[in-house]
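Please read the structure below before turning to the comments.
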Amino acid sequence: MPGALGFADDPPVMLSLVFWYWFLAAPAAMLALFSLAGERKRAVYVRRRLAATPERLPPASVIVPVKGHDDGLRDNLAALAALDYPDYELIVAARSAADIPPAVLPRRVKVVLAHGENPAASEKVQNLAAAVKASRKSSEVFAFADSDGRVTARWLQALVAPLAEDGVGASTGYRWFMPAPAMFWALMRSVWNATAEGLLGPGDNPFAWGGATAVRKETFFLARVLESWKSAVSDDYALSACVRAAKLRIVYAPGALVPSLESVTGLRFFEWARRQMILTRFYRPRLWLAGLAAHILYCAGMAAGVWGCATGHRAAAIPLAAQLLAGMGKGFARVRLARAALPEYAAWFARWGWIHTLWVPASTWLWLGALAASALCNSIEWRGYRYEFRRRASG
5 MPGALGFADD PPVMLSLVFW YWFLAAPAAM LALFSLAGER KRAVYVRRRL
55 AATPERLPPA SVIVPVKGHD DGLRDNLAAL AALDYPDYEL IVAARSAADI
105 PPAVLPRRVK VVLAHGENPA ASEKVQNLAA AVKASRKSSE VFAFADSDGR
155 VTARWLQALV APLAEDGVGA STGYRWFMPA PAMFWALMRS VWNATAEGLL
205 GPGDNPFAWG GATAVRKETF FLARVLESWK SAVSDDYALS ACVRAAKLRI
255 VYAPGALVPS LESVTGLRFF EWARRQMILT RFYRPRLWLA GLAAHILYCA
305 GMAAGVWGCA TGHRAAAIPL AAQLLAGMGK GFARVRLARA ALPEYAAWFA
355 RWGWIHTLWV PASTWLWLGA LAASALCNSI EWRGYRYEFR RRASG
């Protein structure tokens, strides 16, 4: 006969209950609920930032590296050339002229060709460094963008505003994938990627994302970013490390959320996700380990809960429901804030926003897969180049 909690009065079964409940399902549910509790504070912060008006908009240099074709590249560069900002220059940086497709450059642009030959640094980093050196003297801010994002007109204002605050070394936005066409794996990447955006909020942030980062010129040179880039594969992780070493904060600027309209196949998604995790493992090993541990616990707890329900243990539904609902609640909160940051894309959110709630459990397993796939890899392929990692950065 079943016991009071729905488990058979059998010692081996009761021992298995103790194992999965106390060491897997219950801790996973508690971690998910604890994580959800922080969403209220994050929501207050995001809405406050979105409503703020910058007091001063100093002259800026906006730098975007280009390496061949990206979906919508011409429109992406046109968006960067049409920012609602009083005084800025737009610099397109590439290794050579052959890397810039024909008929994509807007009229208001400076082109810098790096011709980089440094084997210790990625091509992107060398292009960025050349653009920094070629920027106009009057600029007080460097802002960095990616060629596969389509920024809003207020993007630069949102990035620059936090730099006026004491103790701020850099500000960062992030990307939000809203693919066209909206194929399954492209939509799944949107859900998967939004989890990382959820790490950004009030206080000091764990990283600055290279597709939407701003730093004061004075800070950039005092923090010795150029020196760090001489041996860097990842521009944003290296810059983030320099800001932290200078005892300065990285501030999240939600108004600088960048739509990415690129679609993707399943294979390309997995290759991309694995590359992101390899870079994280070598530049921020503690962050990578924390993510791996959390997703092992999440997925083990989910599996234990499903097993308990499948074998007739009614009490197993409690921690499983708590974990799933908390994760989906976070997804719902993330998509609401993203929609507030990108009102121009209300139609996309109205049609596809629901996936950021219902697909979260599946994306949790994909996170575990990407983290596991990156565990033993010492190289990445990126824009036609292979980069080998021989040592880990601290972090």
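Per the working numbering, the sequence shown runs over residues 5 to 399. Glycine residues also receive a C-beta, built at the ideal position from the N, C-alpha and C atoms.
- In this structure the stretch 219–237 touches the stretch 124–139; the number of beta carbon pairs closer than 8 Å is three or more.
- Of all alpha-carbon atoms in T176, I67, L261, G215, the one lying nearest the alpha-carbon of K137 is that of I67.
- Within its own chain, the residues whose Cβ lies closer than 7 Å to the Cβ of L84, once the five positions on either side in sequence are excluded, are V66, V68, L94, A149, V155, listed in chain order.
- Under the DSSP definition of a beta bridge, I95 partners with I67, K114.
- Scanning the stretch 177–236 for uninterrupted alpha helix (DSSP H) segments of 4 residues or longer gives 188–201, 221–226, 229–233, listed from N- to C-terminal end.
- Checking the DSSP bridge columns, you'll see Y389 partnered with W386.
- Ranked by Cα distance from R355, the options N209, L163, L191 are led by L191.
- Taken in chain order, no unbroken stretch of beta strand (DSSP E) lies wholly in the stretch 273–326 with a span of 3 residues or more.
- DSSP, reduced to helix, strand and coil, places P263 within a strand of the structure shown.
- The criterion of a C-beta distance shorter than 8 Å is not satisfied by V164 and L54.
- Taking a cut-off of 8 Å for Cβ pairs, the stretch 86–100 and the stretch 168–178 do not touch, as fewer than three such pairs fall below it.
- Residue state for I359 is assigned as helix, using DSSP reduced to three classes.
- Contact check for F211 and Y241: beta-carbon distance about 7 Å, within the 8 Å limit, so the pair qualifies.
- Under the three-state reduction of DSSP, V339 is assigned to helix.
- Where V145 is concerned, the enclosing beta strand (DSSP E) starts and stops at 145–149.
- In this structure A134 does not touch A157 by the C-beta definition: roughly 27 Å separates them, more than the 8 Å allowed.
- Nearest C-alpha to R111 among L226, P58, Y349, V96: V96.
- Sequence-distant partners of V255 (beyond 5 residues in either direction) whose C-beta falls short of 6 Å from its own C-beta, in its chain, are P166, V172, S175.
- With fewer than 16 other Cβ atoms from the protein chains shown falling within 10 Å of its own Cβ, H73 counts as exposed.
- M182 sits close to W352, with the two beta carbons spaced by under 8 Å.
- Comparing C-alpha distances from L203 to each of L243, R228, A245, P258 shows the shortest one belongs to P258.
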